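*Asks:* The structure's right below; bear with me while I get my questions together.
Protein chains in written order, with our numbering: chain A, -2 to 518; chain B, 314 to 1276.
In structure tokens form, the structure reads like this:
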């Protein structure tokens, strides 16, 4: 009997040699006359275990990892396909036991990511076998307002970082009459240390298609666009293929599943500008224009793409919707804390031992995340700082690591949950250099429309350089704080408006780093 | 009397456009008002107004840099930050719309600090050379730095900057100095929103953002059309007129009206003493709303060109040098000759030609001179050769010889049908307004042999081109009418309520005939039946269908028929009598509408009152104290024929160059040479003046008071900004000539002439200089029924009661292609030159077009072995000339094209004597020709060059005082 073996095909696994592992496995198995059905599944999100090879057994899937091509002969020798290992012997150094029993997975609450890594991303049969399209089938039977009510009741808030209630945004679009409305998925995932959107698109693309289609049904939009960053070529390939297959199977197109209702979907590529992840710049770019931030109002929900009412949602927001429709708003809203309902996809990165995707209900502490899941730093040195929520959010010192992951709790200390990126630093970090990095990031990525961001970011880098060089330190520190206020109050969008958060947090929590003796001085 | 229209009401920049404004229209009365308080001041404004604008209306000034009320709010400079009670942060006032009950704070310590800090960032990348900067005294950045109280730049000046960025001085009129740029995008937005050319863009992002023309090209190499909108919008010295860089800031300004095309843009003539420093489009101008084109904005240097005639001259015959004389001697010489000729050859042997460039008052005076002092009706005007069919055709069908709409009406149009007009080149400011409407989604249909630039409008929604063969207009308009009738697209309610039933039925039977179907006319027009049907449906079903047409309609043997066909189409679809629709002739010259209105035609007294009408004539006879001839006089072509035949001996020509602009040049030259006394009054020694015996220096529009009437019947004031170079305005010279002939004229000021016009012309009854001062401008009819003028004609009824459909049988022109003349030549204009070029050729506009060329399709070129730039002999039945070849895909095969801006080109040597059956308007647009490669100028051109040299010598001789 042929054994099913899973070797992931997402970008993380591939960059860690998954293709070589798969090739070697097939070659060796053939040479040994072993029967093998290779499934190129999506990643389960444990980057630290990739390539994570799984073997299907009567008792579930067994995990091995991280596996290199060179490990294959040894694993086969040890009975990966026919012997002891197949039976669940965990004596082999790479044998991890049943995948789902691994505490790293077992302790997560996977709502959105329940399916990733289990299936062949492009197999509709696999998707359906794992509860796929249930939300859509239910949505097709309900009037638009009902769907919007369900999303409102779930408490889902925008997972791109702004945390605006998704249901309210949809309500606005539903209520705005127009000859054409649009659903735009923001897949320009550009925050440092983030990869959750990519995992959805590469490992479970039908989930996003389903979520966007439900959004279309809810607000009366018949056209959707996925604005994808060009740095994700594999995601594009998979999405394009998945869209074609979904159309062929009647899940997209003029007449979705015989309902008479239409939804069309296209992938559009960005051109490498971080600012195009800002929703109004994204819309400009999608219209074929220069990626320049628009002033709001008008809100995109009222005048969005090509001046029409448009839902602009992050991948994770849209990907949360099928669960909400399938399981009910209550099932989603049941977990979480305060006004932050449901789960959050955290992405452990930076100097971390066990990095990857951790989906948890809101309320867990940062320390539990970094230590319990992350296992501390990869370098083994003590943790010193962590940046949660991307390059525009604060650096948190140890005193704030017991904060619960919750939008309001973070906002209270001038920090942000953002898109859930968690970048860890050990005690060798120079936080003045990190502050400079934040300003420089703004300088490089500013669209240039508003003055504070366009000129202020450049001046910010120069001021920090003077501080670090010991020139007029106190005056320049004052100037830097003043500049942060100008950026926050004066910028047109979050790019310039939030750059002060990481800079100020470094100044506040790590003041000594700005007063280090200058080498050679 | 108030001498200057008070521009102060328009001087204030309210920051963002009026939300209910359709290109300058008054705010709609029904716009829901919103109440709010700004710094405690309560104000009510229309919904959609920005906080910035509301504050300005309340008299509260909020600092700003990127906002200006000619452009949509952008929100980039952040100086206009305010605080709103109950809202987070410091939103920009320009992009924040007012809301009911909103409480806004515009001044407090937090806002002051924010503004100062933003300004500090600006100045950290700006040269500190205010004292030597050309914008010193007229710089918004400087003003705002002062307003926010910037006292130091803590960032220093060693940081990254753009201070070494190189200037672009490629354009003859302005300089682009990026070192002074604050990246507010006003220029880029003006190029897009106002002009619609999209030549400018921002390149790079963040701190590297920089304004660039085209794709990093020099301005001159880019798509820039030098309209000046970017300069107008620039708040600093980045985009600056070279004239200001040279002369410094102007000291005073006078509002006046441009003397180029029929758009009639209002300008501020900005002066330093008597020196004109720059022309700035006036925001309060009702025709242009602060926009301009390369001609009106920059090409004014001709007014002080050394070629200007400043002294009267006389001579006995044209082979003699000129003699400089006093005004008195010149006038006496002219009067004596005129009287002698009339004594010898009869009263009818002399005549006059009025100018479409001069003011209404001057035109009125010339025709009055002819009718009252010459004692005949031998007066005509250059409208004869452009829009006379418009007068005839529209008067016959709709009852009024003028376009039906204001320019702003186009902003309500849903389908725009452009026939034989090229607005982006010939009426550029209106072309920009039309493009704005097209970007908003109106459908465009262009009927033109050429693929005109309007079809290349960026962000066009629906554009259809009907590339018809020259000379087949009427067949096309009939086919369009056929589709409308046979497909049931008529507006039966309108027809029943407004049109003459019998005429309509007759037309309906005529137009329904199968021979008018698009399928039947396809072979004539060359336009596919499918395209014609689609165009007809678009025009008839869009909601508001508006027709704009130009000389491509009128300058044909069936020009009048075509104008009536256009009126038929508008009546059949009910597209008359409201905003957004209408029949709109785009008049070529600044005052061609006015010259027609003022009674320049031999058969019509001012206000289109027929000379045979005893009541009207009686009024004029009583006022003028003479008996008037009740028979129409000679038209221009009749004058030429009569001159050659020997019965017409003297002609007074004011501001018109018939020798260059009229068709069949050799025929015109023969006529002029036959005259015994030709009196030419002009700015320059034009082509006609070379045949003259009396040369009277003209005054430019900058040197006199008066009015021009533009294509939308708008009477605009022309105001004197400098004294006449030769000492007299044109109306004074005409008056002197009348007196010398023994007919008293005694006007102290042109306003008195207008008062007389108002007394005698019912449609002008409510026009006076005082009322023009109060209103800015007035659109006739302006009288007791319409005291504030009439933007839209025929709202309730037609002057003739019911609209009259006309039968428009297509008759092919006699000018046909043959084996000998296989190509059709059609003529037109380009953006940078104006008409005969007398003005624009004496400016730097020459850099864009220093010679007329022959455009032809590459297929026609290949057949004849012609390459781009080759010398081509162009031969017609009338004559031959030589031009350089330019291969162009916008031509259709079989059709060639040229302009007539340069006299030596001899474009009109080729055009023929064919003319409109009703009005004698020449058929400039259709001439059968052959082209071939040649190596030398034509015989005519060689003669022309020799004659030109001789006449220039004669003029120079006079200057040097030799006999």
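The beta carbon of each residue, even a glycine, is placed where N, CA and C say it ideally should be.
Computed from a predicted structure; not experimentally measured.
Would you kindly report the start and end of the unbroken alpha helix (DSSP H) that includes residue 415(B)?
*Replies:* Careful: residue 415(B) lies outside any alpha helix (DSSP H), inside the beta strand (DSSP E) at 415 to 418.
*Asks:* Name, please, each residue of chain A whose Cβ falls closer than 8 Å to the Cβ of residue 520(B).
*Replies:* Near residue 520(B) (Cβ distances below 8 Å), the residues of chain A are 440, 443, 445, 451, 452, 454, 455.
*Asks:* Have a look at residue 467(A) and residue 431(A) and give me their C-alpha separation to the nearest angstrom.
*Replies:* Roughly 17 Å between the two C-alpha positions.
*Asks:* Which bits of chain A does residue 754(B) rub up against, with CB to CB less than 7 Å?
*Replies:* Near residue 754(B) there are no residues of chain A at all, since even the closest Cβ is about 10 Å away, more than 7 Å.
*Asks:* Do you know whose CA, among 445(B), 620(B), 688(B), 1070(B), lies nearest residue 920(B)'s CA?
*Replies:* Among 445(B), 620(B), 688(B), 1070(B), the Cα nearest to that of residue 920(B) belongs to 1070(B).
*Asks:* Go through its chain and collect everything with a Cβ distance to residue 270(A)'s Cβ below 6 Å, but skip five positions before and after it.
*Replies:* Correct list, in chain order: 288.
*Asks:* Let me see if you follow: with CB-CB separation under 7 Å, is residue 391(B) close to chain A or not?
*Replies:* It does: the Cβ of residue 391(B) has a partner Cβ on chain A nearer than 7 Å.
*Asks:* Alpha carbon to alpha carbon, what distance is there between residue 1228(B) and residue 1123(B)?
*Replies:* The straight-line gap from Cα to Cα measures roughly 15 Å.
*Asks:* Leaving aside the five residues before and after residue 149(A) along the sequence, list all residues of the same chain whose C-beta is less than 6 Å from its C-beta, in chain order.
*Replies:* If we look at residue 149(A) and ignore the five residues flanking it on each side, its Cβ neighbours are 164.
*Asks:* Does residue 486(A) get closer than 7 Å to chain B when you measure Cβ to Cβ?
*Replies:* It does; some Cβ of chain B falls within 7 Å.
*Asks:* Since residue 54(A) and residue 83(A) are thought to touch, with beta carbons under 8 Å apart, how far apart are those beta carbons, to the nearest angstrom?
*Replies:* Yes, they are in contact, since the Cβ atoms of residue 54(A) and residue 83(A) sit about 6 Å apart, within 8 Å.
*Asks:* If we call anything under 7 Å between Cβ atoms a contact, is residue 978(B) one with residue 1221(B)?
*Replies:* Yes, these two residues count as a Cβ contact at 7 Å.
*Asks:* Does residue 498(A) pass the burial test, meaning 16 or more other C-beta atoms within 10 Å, or should it be called exposed?
*Replies:* The residue in question, residue 498(A), is buried, as its Cβ has 16 or more Cβ neighbours within 10 Å.
*Asks:* Name the two residues that bound the continuous beta strand (DSSP E) containing residue 1010(B).
*Replies:* 1007 to 1010 is the extent of the beta strand (DSSP E) around residue 1010(B).
*Asks:* Based on the DSSP output, what are the partners of residue 179(A) in its beta bridges?
*Replies:* Paired residues: 220(A), 307(A).
*Asks:* Determine, for residue 467(B), whether the minimum Cβ-Cβ distance to residues of chain A falls below 7 Å.
*Replies:* Closer than 7 Å: yes.
*Asks:* Just mark residue 623(B) as buried or exposed, buried being the case when its beta carbon has 16 or more other beta carbons within 10 Å.
*Replies:* Residue 623(B) is exposed by the Cβ-count criterion.
*Asks:* Since residue 375(B) contacts residue 386(B) with CB under 8 Å, what's their CB separation in whole angstroms?
*Replies:* Wrong, their Cβ atoms sit about 12 Å apart, outside the cutoff.
*Asks:* Run down chain B in chain order and give the residues with a C-beta less than 8 Å from the C-beta of residue 499(A).
*Replies:* Under the 8 Å cutoff, chain B gives no residues; its nearest Cβ is about 18 Å from residue 499(A).
*Asks:* Going along the chain, which residues of its own chain have a beta-carbon closer than 6 Å to the beta-carbon of residue 719(B), five neighbours each way excluded?
*Replies:* Only 1025, 1104 meet the Cβ criterion.
*Asks:* Skipping 5 residues on each side, what residues in its chain have a beta carbon closer than 6 Å to that of residue 557(A)?
*Replies:* Only positions -2 to 518 of chain A appear in the structure, and residue 557(A) is not among them; the question remains open.
*Asks:* Name the one or two DSSP bridge partners that residue 897(B) has.
*Replies:* Paired residue(s): 861(B).
*Asks:* Counting only runs of 3+ residues fully inside the region 1128 to 1185 of chain B, write out the beta strand (DSSP E) ranges in chain order.
*Replies:* Correct list: 1136 to 1141, 1166 to 1169.
*Asks:* Which partner residues of residue 592(B) appear in the DSSP bridge assignment?
*Replies:* Paired residue(s): 582(B).
*Asks:* Just to confirm my understanding: we take residue 781(B), look at its own chain, exclude 5 residues before and 5 after, and list those with CB closer than 7 Å. What are they?
*Replies:* Cβ within range, chain order: 760, 762, 789, 838, 839, 840.
*Asks:* For residue 189(A), I'd like the list of residues in its chain whose CB is within less than 7 Å of its CB, leaving aside the five on either flank, ordered along the chain.
*Replies:* Same-chain partners within the cutoff: 387, 388, 418, 420.
*Asks:* Using the beta-carbon of each residue, which ones in chain B are nearer than 8 Å to residue 300(A)?
*Replies:* By Cβ distance, chain B contributes nothing, its closest Cβ being about 12 Å from residue 300(A), past 8 Å.
*Asks:* Counting C-beta neighbours from all protein chains within 10 Å, is the total for residue 355(A) 16 or more, i.e. buried, or is it exposed?
*Replies:* Buried.
*Asks:* For residue 439(B) and residue 1208(B), I'd like the C-alpha separation in whole angstroms.
*Replies:* Between residue 439(B) and residue 1208(B), the C-alpha separation is close to 54 Å.
*Asks:* To the nearest angstrom, report how far apart residue 518(B) and residue 749(B) are at their CA atoms.
*Replies:* Between residue 518(B) and residue 749(B), the C-alpha separation is close to 27 Å.
*Asks:* Could you check which residue in 877(B), 507(B), 1017(B), 504(B) has the C-alpha nearest to that of residue 860(B)?
*Replies:* The option with the nearest alpha carbon to residue 860(B) is 877(B).
*Asks:* Could you check how far apart the C-beta atoms of residue 279(A) and residue 224(A) are, in whole angstroms? I think they sit under 8 Å.
*Replies:* Confirmed, Cβ separation roughly 5 Å.
*Asks:* With distances taken Cα to Cα, identify the nearest neighbour of residue 1183(B) among 1166(B), 1082(B), 1115(B).
*Replies:* Nearest C-alpha to residue 1183(B): 1166(B).
*Asks:* Can you check DSSP and say which residues form a bridge with residue 732(B)?
*Replies:* For residue 732(B), which the question treats as bridged, DSSP gives the partners 760(B), 862(B).
*Asks:* Measuring straight from C-alpha to C-alpha, what distance separates residue 592(B) and residue 308(A)?
*Replies:* The alpha-carbon atoms of residue 592(B) and residue 308(A) are separated by roughly 48 Å.
*Asks:* Which full runs of the alpha helix (DSSP H) of 4+ residues lie inside the region 671 to 759 of chain B, going along the chain?
*Replies:* Fully enclosed alpha helix (DSSP H) runs of 4 or longer: 673 to 681, 701 to 710, 736 to 739, 741 to 752.
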